[in-house]
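When we follow this note's numbering, the leftmost residue of the sequence shown carries the number 465, and every step to the right adds one.
A virtual CB, placed ideally from N, CA and C, is assigned to each residue, including glycine.
Below is one structure, written out as C-alpha cells; comments come after it.
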Amino acid sequence: MYIDWSDIIMKIKKIGVMGGTFNPIHIGHLMIAEQSRKKFNLDKVIFIPTGSPPHKDERKLANSLDRYIMTILATSNNNNFIVSDIETNRDGTSYTVDTLELLSKKYNDSELFFITGADSILDIENWRDTDRLLNICTFIAATRPGYNVDNVMDEIKKLEEKYNKKISYLTIAPIDISSTQIRKRIFKNETIKYMTPDPVINYIYNKNLYK
Numbered sequence: 465m466y467i468d469w470s471d472i473i474m475k476i477k478k479i480g481v482m483g484g485t486f487n488p489i490h491i492g493h494l495m496i497a498e499q500s501r502k503k504f505n506l507d508k509v510i511f512i513p514t515g516s517p518p519h520k521d522e523r524k525l526a527n528s529l530d531r532y533i534m535t536i537l538a539t540s541n542n543n544n545f546i547v548s549d550i551e552t553n554r555d556g557t558s559y560t561v562d563t564l565e566l567l568s569k570k571y572n573d574s575e576l577f578f579i580t581g582a583d584s585i586l587d588i589e590n591w592r593d594t595d596r597l598l599n600i601c602t603f604i605a606a607t608r609p610g611y612n613v614d615n616v617m618d619e620i621k622k623l624e625e626k627y628n629k630k631i632s633y634l635t636i637a638p639i640d641i642s643s644t645q646i647r648k649r650i651f652k653n654e655t656i657k658y659m660t661p662d663p664v665i666n667y668i669y670n671k672n673l674y675k
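Below is the structure:
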C-alpha cells in the first residue's frame, strides 16, 4: 500500500532529521535515531542519505540509489522512521543548510531537530552558513560514554552563547560499529552479521557492494 508521508508529516509537530552518507547504514545509526526520538519526544525521524556530500571521497561511496535503498531496508520495520530522497535526487553538492531550509518551508508548522554526532558539533562552524543552520532547527549532539564530553560541552556552550540558540545533548549506549568497519570487513570477506540489519546485508551481497 502506498502511503503519502507528506500529508502525514504536515500534521506532525516534532520531526527529527538524520542525515548521513549511510555507506552503509548500520545498527549505530538506528540506535541514535531511536534514542533521540524517545528522549526528545519526536513524532517521526526522517533519514536523509546524502547525495554528493562536500567532505567525503566519492570514490568510496556506493551510488546514491543503493544507499537510499539500503536505508529504506534498514528502517522499514519501524513506523516512526521515514526515508527521504531529497538529497539523492539533487544535482551537485549537498549542503545540510539547503536541505533543512527546504524541509522547514515544506513543514513550516513543525519543529525540526537535526540529529548528528557530537564530533560534528566540534566542526560545525566550518559548515556552510552556520548561523542560518542553527536558526532553522535545534541540534541534537549524540555521543557515546567515554567520548571527551568536556570538549563537546564547552563547544556547545560557546555556540549557544555566540548564536543564542539551544543545542541539545544525548549520551547513547556504547556500540563500536562504523560504516568504515563494515566496508573493510566485506572487503576482507569477514562477517558483518548483526552490524547492520539482515535485509541490508542481503542487498550488499546481492549487489556485490564494497568489494
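N- and C-terminal bounds of the alpha helix (DSSP H) containing residue i
| i | result |
| --- | --- |
| Tyr571 | First-last for Tyr571: undefined, no H or E at that position. |
| Ser540 | Counting along the chain, Ser540 falls outside any alpha helix (DSSP H), and DSSP gives it neither H nor E. |
| Leu651 | Here the sequence assigns Phe to residue 651, which means Leu is not the residue at that position. Run containing Phe651: Ser643 to Phe651, per the alpha helix (DSSP H) assignment. |
| Ile759 | Since the displayed the chain opens at 465 and closes at 675, residue 759 lies outside it and no answer follows. |
| Ile496 | Ile491 to Lys503 |
N-terminal and C-terminal residue of the beta strand (DSSP E) that residue i is part of
| i | result |
| --- | --- |
| Thr635 | Ile631 to Thr635 |
| Thr607 | Thr602 to Thr607 |
Beta bridge counterpart(s) of residue i as assigned by DSSP
| i | result |
| --- | --- |
| Pro513 | Gly484 |
| Lys690 | For residue 690 there is no data in the structure shown, the boundaries of the chain being 465 and 675. |
| Lys678 | This structure gives no information on residue 678, because the portion of the chain shown stretches from 465 to 675. |
| Gly581 | Ala606 |
| Lys621 | BP columns for Lys621 are empty, so no partner. |
Residue j beta carbon less than 7 Å from that of residue i
| i | j | result |
| --- | --- | --- |
| Ser528 | Thr552 | yes |
| Ile461 | Met659 | An answer regarding residue 461 cannot be provided, because it is not within the stretch 465 to 675 covered by the chain. |
| Met534 | Ile585 | no |
| Pro638 | Leu537 | no |
| Lys629 | Leu598 | yes |
| Ser516 | Thr557 | yes |
| Ile650 | Tyr674 | yes |
Rounded C-alpha distance that separates residue i from residue j
| i | j | result |
| --- | --- | --- |
| Ile510 | Ile546 | 5 Å |
| Gly480 | Ile600 | 13 Å |
| Asp595 | Lys626 | 9 Å |
| Ile512 | Arg608 | 22 Å |
| Glu619 | Met482 | 21 Å |
| Ala606 | Tyr532 | 23 Å |
| Met465 | Tyr611 | With a pLDDT of only 37 at Met465, under the threshold of 50, the placement of this residue in the model should not be trusted, and no figure is reported. |
| Asn544 | Asp507 | 7 Å |
| Thr683 | His493 | For residue 683 there is no data in the structure shown, the boundaries of the chain being 465 and 675. |
| Glu565 | Ser548 | 15 Å |
| Phe603 | Ile579 | 6 Å |
| Lys622 | Asn590 | 15 Å |
Residue i Cβ short of 6 Å to the ligand FMN heavy atom set
| i | result |
| --- | --- |
| Lys629 | As presented, the structure is devoid of all ligands, the ligand FMN included, so that no description of it is given. |
CB contact check: residue i to chain D, cutoff 7 Å
| i | result |
| --- | --- |
| Leu494 | Checking the listed chains, one finds no chain D in this structure; it contains a single protein chain. |
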